[in-house]
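Structure first, commentary second.
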Amino acid sequence: MRAAFQIPIGLAAAAAAAFVPLSSARDDLNLTRSRAAKLAALPVSQLPAIDPATGKPIAPGNSAPSRIPPGASPAEASATITLLSSLDGKLLSTRDIIDALERVMNLPASHMDDALAVLKDIKAPALSGFLFSALFSRWGELDPDEARAKLADVGSNPFARYAGTASLASGWLEKDPDTFISFLTDKSGKPDPKLDEMRKLMAGSLFSGMNVLDPATADRLIAASPPDKRAELILQVAQNNPDIDLSAAGERALAEARNADDRAGVHSRIARIMAERGDPANAISYASSLSESKERKASYDSSLNLWMKEDKDAATAWIKSQPIDIQAEAAGGLRGSVNGMSSSELSSFANNVDPSVQPQLWSMAVRGAADRDPADAVNFLPNVKPEDRPQSYQTVAESWTKKDPEAASGWVDQLPQGNEKDKAIVGLTSSVGSKEPDSAAMWASTINDPEIRAVTTEKYATDWLKRDPAAAAQWIQQAPALAPEQKLRLLQPAGN
1 MRAAFQIPIG LAAAAAAAFV PLSSARDDLN LTRSRAAKLA ALPVSQLPAI DPATGKPIAP
61 GNSAPSRIPP GASPAEASAT ITLLSSLDGK LLSTRDIIDA LERVMNLPAS HMDDALAVLK
121 DIKAPALSGF LFSALFSRWG ELDPDEARAK LADVGSNPFA RYAGTASLAS GWLEKDPDTF
181 ISFLTDKSGK PDPKLDEMRK LMAGSLFSGM NVLDPATADR LIAASPPDKR AELILQVAQN
241 NPDIDLSAAG ERALAEARNA DDRAGVHSRI ARIMAERGDP ANAISYASSL SESKERKASY
301 DSSLNLWMKE DKDAATAWIK SQPIDIQAEA AGGLRGSVNG MSSSELSSFA NNVDPSVQPQ
361 LWSMAVRGAA DRDPADAVNF LPNVKPEDRP QSYQTVAESW TKKDPEAASG WVDQLPQGNE
421 KDKAIVGLTS SVGSKEPDSA AMWASTINDP EIRAVTTEKY ATDWLKRDPA AAAQWIQQAP
481 ALAPEQKLRL LQPAGN
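Oh and the sequence shown: position 327 is 327 in our numbering, straight run, nothing missing.
See below:
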């Protein structure tokens, strides 16, 4: 397996998907549970070298066969440089881009500098980013130290610099995993922010592409990763490799969890993987077996959400059959389903849970309704949880004002005085304030709560003064919503 060519490293997903398959297929390698646990416990310096052909440790004194392609011939490499020189400004097909990436990934060391010089002149940022990604991935395979030194020469294109740095990591990992991991974890020497940023970017690019690494290499990276990343990475590898024992991976991840939130996250990920592997009912059973409420809620959220997508009738029947306390814990897993419902649809669907649980569904759905159809979202408001209601009024008013300011202001105006109307006015003003600070200030001055009124009115009055000082000053002087000290502060010249 040529991981340097498989790991997605900051490229657009489509481009990554296009050229990843060009490399050889993933090795069919797996570690046993005991070996994985032992590997995870070893310091990096003691981790055994792995033969890529077998996935087994290399005996002392032996060496693994190289999996780095030797490169194109000098004539072929020169032809590649000529091709790269002709790309800028052309309308390229996907096939053209794939061909260019493949050619760059097979350049010999003798042509690296020539390729860098050509790529620096390519003005199309996306194209240069893709090509820099391939170049530094290849350079990392051949000479990672030289490649790291040359990163300073990629020019001002941030995409190219990012792609080059991230890709160098995959190539370096391919050539010499031990040295790369040592570099990644090296804390010796004087603090160097640029070097630290490079390490962070390299690690992040590899962590996002763990699924294309063989399990042995993935385990070595996990063992060398920051403690707060290990649980997530263990499960990321398991999620993308159905041959990995999920139970064993879960135990390893839980052993790395540092607190209750981490444990809840691990359980949620396990339940989601179970559901994704085609067994959402078993994922629900797993969630139900957990002893802590926070862990159950997180696991219900991930598993029930997927079950609703795959078999809505079965998932709905399950939650309908549960006692109230389980319904309340599992309701979060219905978020994805209720979020697209109209008020009439949700009113009907909510009958599947106990009346005491129904407000949770309305609270979860109001944001989506406000974005989709704010006029209908008004029908959600009486049903949301009382503690969520003021914020829901603000959400609806903000979305509605963006779509139809006149209709939204008419609705807000007729609301009875109280916390809900105050929050609705805050939502309205947040939508119009940047374009119409005068209208926002006038609306804010009608807020009933003295503290919210003072802060919000002063905010938009300040913006109004910048747009139209004379009109704003006249209004401020007469505004009953502003205290005398606020008026003085607003109207006093800066610096006095």
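Just so it is clear, CB atoms sit at the ideal spot from N, CA and C, and this is done for glycine as well. Predicted model, so just to flag it, every value in this text is computed and none were measured.
Does DSSP put Arg263 in a helix, a strand or coil?
Correct three-state label for Arg263: helix.
Using the beta-carbon count (16 or more within 10 Å), is Gly164 buried or exposed?
Looking at its Cβ environment, which holds 16 or more other Cβ atoms inside 10 Å, Gly164 is buried.
Cβ-based neighbour list, Ser34, same chain, cut-off 7 angstroms, excluding 5 preceding and 5 following
Note that Ser34 scores 36 on pLDDT, short of 50, meaning its location in the model is unreliable; the coordinates nonetheless yield the value given after this. There are no such residues.
Which value, in whole angstroms, describes the spacing of the CA atoms of Glu102 and Ser188?
Glu102 and Ser188 have their C-alpha atoms roughly 37 angstroms apart.
Coil, strand or helix - Gly189 by DSSP:
Looking at Gly189 - three-state DSSP - the assignment turns out to be coil, as it is neither helix nor strand.
Is it true that the stretch 165 to 179 meets the stretch 134 to 150, where meeting means three or more beta-carbon pairs spaced less than 8 angstroms apart?
Contact between the stretch 165 to 179 and the stretch 134 to 150 is present: 3 or more CB-CB pairs across the two stretches fall below 8 angstroms.
Are the stretch 309 to 317 and the stretch 258 to 270 touching, with three or more C-beta to C-beta distances below 8 angstroms?
No contact exists between the stretch 309 to 317 and the stretch 258 to 270.
Sequence-distant residues of its chain with Cβ nearer than 6 angstroms to Ser182 (five each side left out):
So the list is empty, once near-sequence residues are dropped.
Can you give the Cα-Cα distance for Lys123 and Phe159, rounded to whole angstroms?
Lys123 and Phe159: Cα-Cα distance of roughly 12 angstroms.
Same chain only: Cβ atoms within 8 angstroms of Leu235, ignoring 5 sequence neighbours per side
Only Ala249, Gly250, Ala253, Val266, Arg269, Ile270, Ile273 meet the Cβ criterion.
Below 8 angstroms on the Cβ atoms is my contact criterion, and I expect Asn448 with Gly418 to pass it. Report the Cβ-Cβ distance as a whole number of Å.
Indeed they touch by this definition, with Cβ atoms about 7 angstroms apart.
Let me know the secondary structure DSSP gives Thr401 once reduced to three states.
The DSSP-derived three-state label of Thr401 is helix.
Assign Asn241 to buried or exposed, taking buried as 16 or more other Cβ atoms, counted over all protein chains shown, within 10 Å of its Cβ.
Buried: at least 16 other Cβ atoms inside 10 Å.
Tell me the DSSP secondary structure of Pro226 in three-state form.
The answer is coil: DSSP assigns Pro226 none of H, G, I, E or B.
Any idea what DSSP makes of Glu345, helix, strand or coil?
Note: Glu345 maps to helix in three-state DSSP.
Report all residues from its chain with a CB closer than 7 angstroms to the CB of Gly278; omit the five preceding and five following residues, and keep chain order.
Nothing meets the Cβ criterion.
Determine the burial state of Pro70: buried for a count of at least 16 other Cβ atoms within 10 Å of its Cβ, exposed for fewer.
Answer is exposed; the Cβ neighbour count stays below 16.
Pro125 classed as buried or exposed, judged by whether at least 16 other C-beta atoms fall within 10 angstroms
With fewer than 16 other Cβ atoms within 10 Å, it is exposed.
Does the beta-carbon of Ile476 have 16 or more other beta-carbons within 10 angstroms, so that it is buried, or is it exposed?
Sixteen is the threshold: when 16 or more other Cβ atoms of the shown chains lie within 10 Å of the Cβ of Ile476, as they do, the residue is buried.
Using the Cβ count rule (16 or more neighbours within 10 Å means buried), how would you classify Gly340?
With fewer than 16 neighbouring CB atoms inside 10 Å of its own CB, Gly340 falls in the exposed class.
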